[in-house]
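Remarks on the structure that follows.
Residue numbers (this note's numbering), protein chains in the order written: chain A, -3 to 230; chain B, 23 to 155.
Set out below in structure tokens:
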């Protein structure tokens, strides 16, 4: 059974997820960043569901494990679409929304196909393993896409500070998870140790988004080039 | 092999996101003018020096905690440690990088002083509310 610290982190994460939505409503940006907030609401529901399954079936039960991995895959897919919604915000003026949506769906389908191709060769528990592998692959795809988005944002003269903080915190989140999964793949024995970090890192995204929605003014704009390593002026 | 490449890429990407994220937090506070009290207490010069960072953070810890800025202060603390490591590495090989690092360390100190200023203002408001009640 998870200890008091695990429950405290789970509770803190849930609180922060709720805070993101409350902050977005307070700052009247709920509609503008709807998919991001939808992701946070889903996280809240999933946290509740996991807690319920854990209390009913126990930590080592198959029910809890299935619930955990399937909901994790679902959340990763919604997070992927949250990232795409940030793309849509950044490229709003270029009127390329339709192509971005099509590209996003095609990339998701491609990642799913690639995952299936790998899983079908190596496991008999295809569906469970597929959900687990798809999450891992989507974290890396998400990371690369966030990097491409950040590279595009860097080319812009002035960008809303809020959007910049949302993109960067998402990048930090994706890169941390991708690194953890890669480390676990390199040394499978490390997975149990690395997975201890997941709930802690899971708190970082709602924490940074809540901060961004709560504190960064809507009208604040930053020249992104100033934030890159090369931009040294104050 | 692929996992090793993914791990390396992830660490590089992480730094590529973490550094601008910290700089965006610092940039948001760079326009804040410190109150005379905080200027007196911290004794910050203009521009702020990285050497004062730990002293300002100690003062910050004396103030009542505000959960909303805890994560940011921690992130800047990590960024400060990374910059210090970079400063030590580039001490003799790249003087230009060292100048940049020192400027960044000073900006971290200024960020901590702004957080201190906000906490002092927050405590004052809290006290005023308690007196009114």
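Beta carbons are placed, not taken as given, at the ideal position from N, Cα and C, and that holds for glycine.
- Residue 217 of chain A is bridged by DSSP to A:156.
- At least one CB of chain B lies nearer than 8 Å to the CB of residue 181 of chain A.
- Nearest to residue 68 of chain A by alpha-carbon distance, out of A:102, A:43, A:56, is A:43.
- Here residue 99 of chain B carries a helix assignment [DSSP, helix/strand/coil].
- Counting C-beta pairs with one atom in each stretch, the segment 169 to 185 of chain A and the segment 123 to 139 of chain A have three or more that are closer than 8 Å, which means they touch.
- Listed along chain A is no residue with a C-beta nearer than 9 Å to that of residue 153 of chain B; the closest approach is about 27 Å.
- Note on the segment 73 to 119 of chain A: whole alpha helix (DSSP H) runs with a minimum of 4 residues are 93 to 118, in chain order.
- Inter-segment contact for the segment 55 to 69 of chain B and the segment 199 to 206 of chain A is absent: fewer than three beta-carbon pairs are separated by less than 8 Å.
- The continuous alpha helix (DSSP H) containing residue 36 of chain A extends over residues 30 to 53.
- In the DSSP annotation of this structure, the continuous segment of the alpha helix (DSSP H) that includes residue 188 of chain A starts and ends at 187 to 190.
- Within the segment 160 to 194 of chain A, contact with chain B at the beta-carbon level (separation under 7 Å) is assigned to 160, 161, 164, 165, 167, 168, 171, 172, 174, 175, 178, 179, 181, 182.
- Annotation: residue 104 of chain B to residue 121 of chain B spans about 15 Å, alpha carbon to alpha carbon.
- Remark: C-beta atoms of residue 97 of chain B and residue 47 of chain B approach each other more closely than 8 Å.
- Counting only runs that start and end inside the segment 43 to 76 of chain B, there is no beta strand (DSSP E) element of at least 3 residues.
- Not flagged as an interface residue toward chain B: residue 197 of chain A, since no C-beta distance is shorter than 8 Å.
- Within the segment 204 to 216 of chain A, the residues whose Cβ lies closer than 8 Å to some Cβ of chain B are 204, 206, 207, 210, 211, 212, 216, listed in chain order.
- Between residue 36 of chain B and residue 75 of chain B, the CB-CB gap reaches or exceeds 8 Å.
- About 6 Å separates the beta carbons of residue 88 of chain B and residue 144 of chain B, which is inside the 8 Å limit, making them a contact pair.
- Boundaries of the alpha helix (DSSP H) harbouring residue 20 of chain A: 0 to 22, taken from the DSSP string.
- By the CB criterion at 8 Å, residue 139 of chain B and residue 57 of chain B fall inside the cutoff.
- Chain A has a Cβ within less than 8 Å of the Cβ of residue 43 of chain B.
- The three-state secondary structure of residue 124 of chain A, taken from DSSP, is helix.
- Boundaries of the alpha helix (DSSP H) around residue 196 of chain A: 193 to 211.
- At a cut-off of 8 Å between beta-carbon atoms, residue 122 of chain A makes no contact with chain B.
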